[in-house]
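Since the structure comes first, as structure tokens, the remarks are kept for the end.
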Amino acid sequence: MATFDYVDVPTAATRLQSRERSTDLRPAMKIVTALPHPEKVSRSTTLTPTEPMSPSKTPTINFSQVLLSSAIPLPANAPATPRDTKGTLKLLSTKDPLSIPITTVNFKRFVSRAGPVFWLQDRLEEIVMWRKGWKYTTVWVTGYAFLCYFPRLALLLPVYLLLGSLLANNPSIKRDVPEAPKGNRVPPLPTAPASEWSTDWLSNVQAIQNLMGAFSDAYDLVYPTIPHLNYQSPFTPLVLTVVAILSIILVPLVQLVPLRVTFLFLGIFPFLLTHPFTRFTLLPFAMQLAQPYFKVARARLTRLVDNDHLEDKHWRSELKEVYLWENERWAGISGVDENVLSEASWSKNNLRLGERKAWTRGRDGWSGVAEDGSGDVSSNLTFSLSSGWLFVETEDWRPDLEGAWIAPTEADEILDGWVYTNDSWMDPRPTPLEEWKLANGLTRRRRWMRRIYYDPTFAS
């Protein structure tokens, strides 16, 4: 007989087994679905602020497998210029056609000449992140405040920047300036293209790699809002109404806003946020206080986004949830303080032989998710759903960040949905006890949720 996780059964109830084999029950339909993606929400259990990544002179990229050779031929059926379905030109027809050799040459040229861009990026990060000390950043903040008080000087800013660059590189002035300490020296601006496969060349490739990732993250963050602006969402008329009302209300209010004070505050506020005292003292304290509210808001926002992606067939049918539990064990890593809970020490490979599996269907932690019931799965798992029930196609597995499956008094302190237990998976707590760390017997569990809907066309 099939077991349905989305049916609410009292905890004190005992399931009765039928003595005779029933012939009027349809077997549960088995649906294969992908496993959740824990890496998207996993985070270190220690709130240690990290510095943003920037190009370094010690790249760790292995370029032995990078396909930069111009000998790679194009497929025989590849068009010289991409076209749309009607046969008309889709991209710029006056530019060079799509070609692997041209792409390779231009990529190498771009890498060798992109050094000044990332040099400027590092200098800006040093100013904004207070890496050169408070005196260095304060000078720039003071200069910005002076510019806000005399905004017309912004027209002369390019001339002043050019004049400052010429004076800074004047040999006669450099000869009289004492040499700065080694830790405060600014790397020189690259003046010539970096030679291929040199340290500077590889550093530029590393910076391009990180920039592509940052741009992709920004794109993924903005992309969900596009359908609400180009009339592909039912909420577009509401957005249009709100924006029209705001445009009418803000016209008289803008005249009352002091521009100098406003731009001064907007320019100095990022420096206040990136100050070491804010990042290492105020921010962790504020995050600790706001953690329960932030967690609830994050879960509610995720559900609103999922509801926005639902189709009409989902809204017209009954929606329920199925659950999946993720299990991990902690093991100290050599060279790392075993009293510090690092994400690298948590792994499903640390689970011992004979104990619960990495992914389980039931809250008890013993019901496997593989088709054979063993629980040993790699990338997919098999669910048994009643006839007519299907997974919602527009959404994926979501972690239970609120920890609604444990005691309400403990759920407020849960981070990323993890519930910590002892060596025998007992005594659930939002944070592990110190004796568990000393005994090297730490385990943790997390619940994942996914919605299903009823489609009568699949019920037969």
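In this note's numbering, the protein residues as written are 397 to 856.
C-beta atoms are modelled at their ideal positions from N, C-alpha and C, and glycine is treated no differently.
Residue of the options minimising C-alpha distance to residue i
i      : options                        : result
ASP702 : ARG841, THR632, VAL788, THR595 : VAL788
GLN517 : PRO648, ALA835, ASN606         : ASN606
SER743 : PHE503, ALA541, THR839, LEU786 : THR839
HIS624 : LEU617, LEU634, ASP616, TYR615 : LEU634
ASN600 : VAL513, GLY560, LEU747         : VAL513
HIS710 : ASN745, GLU791, PHE631         : GLU791
ASP812 : PRO688, LEU829, ASP708, TRP821 : PRO688
MET837 : ILE427, SER820, ARG825, ARG843 : Rather than Met, the amino acid found at residue 837 in this sequence is Gly. When only C-alpha atoms are compared, the closest one is SER820.
PHE503 : TRP515, ARG699, ILE604         : ILE604
PRO589 : TYR545, TYR627, ASP613, SER508 : SER508
ARG725 : LEU749, LYS716, LEU706, GLU717 : LEU749
GLU707 : VAL582, GLN628, ASN565         : GLN628
TYR719 : HIS705, ALA800, LEU697, TRP530 : ALA800
VAL692 : GLU798, GLU830, MET845         : GLU798
ASP851 : TRP814, ILE802, SER782, ALA835 : SER782
ILE802 : LEU551, TRP721, ASP613         : TRP721
PRO583 : ARG843, ARG519, ALA835, GLY758 : ARG519
ASN723 : ALA610, PRO434, TRP530         : PRO434
ARG581 : TYR615, LEU678, GLU522         : GLU522
PHE631 : ARG794, THR674, LEU700         : LEU700
HIS671 : VAL537, ILE664, TYR615, TRP526 : TRP526
ARG548 : HIS705, PRO824, ARG656         : ARG656
ALA541 : LEU662, PHE673, THR621         : LEU662
Per-residue DSSP class, three states only, for residue i
i      : result
THR587 : coil
LYS744 : helix
GLY784 : coil
ALA398 : At ALA398, the pLDDT of 48 sits below 50, so the modelled position is not reliable; the number obtained from the coordinates is stated separately. Here ALA398 sits in coil by DSSP.
TRP821 : coil
ILE802 : coil
ARG725 : strand
LYS691 : helix
LEU833 : Checking the sequence, you will find Lys at residue 833 rather than Leu. In this structure, LYS833 counts as helix in the three-state DSSP scheme.
PRO432 : coil
PRO795 : strand
LEU715 : strand
VAL701 : helix
THR790 : coil
LEU685 : helix
LEU598 : helix
GLN678 : Sequence inspection shows Leu at residue 678; the Gln mentioned does not correspond to that position. In this structure, LEU678 counts as helix in the three-state DSSP scheme.
VAL582 : coil
PHE854 : helix
Where residue i falls, given that 16 or more other Cβ within 10 Å makes a residue buried
i      : result
ARG752 : buried
ARG847 : buried
THR817 : buried
THR756 : buried
THR533 : buried
GLN602 : buried
GLY511 : buried
ALA754 : buried
VAL815 : buried
ASN565 : exposed
TRP593 : exposed
TRP530 : exposed
TYR849 : buried
LEU642 : exposed
ARG843 : buried
PRO828 : buried
TRP793 : buried
LEU598 : buried
Range of the contiguous beta strand (DSSP E) that encloses residue i
i      : result
TYR849 : 839-850
THR827 : Premise fails: THR827 is in no beta strand (DSSP E) and is neither H nor E.
Limits of the alpha helix (DSSP H) - the one that residue i falls within
i      : result
ASP708 : 708-711
is_contact[residue i, chain B] using C-beta, thresh 8 Å
i      : result
ASP492 : Annotation note: the requested chain B is absent from the structure, which comprises a single protein chain.
* Quick one: complete alpha helix (DSSP H) runs, 4+ long, within the region 503-569? -> Within the region 503-569, the runs of alpha helix (DSSP H) at least 4 residues long that lie entirely inside it are, in chain order, 511-524, 530-545, 553-564.
* Considering only residues of the region 608-676, which uninterrupted alpha helix (DSSP H) runs meet the minimum length of 4 residues and lie entirely inside it, listed in chain order? -> Whole alpha helix (DSSP H) segments, 4+ residues: 632-650, 655-669.
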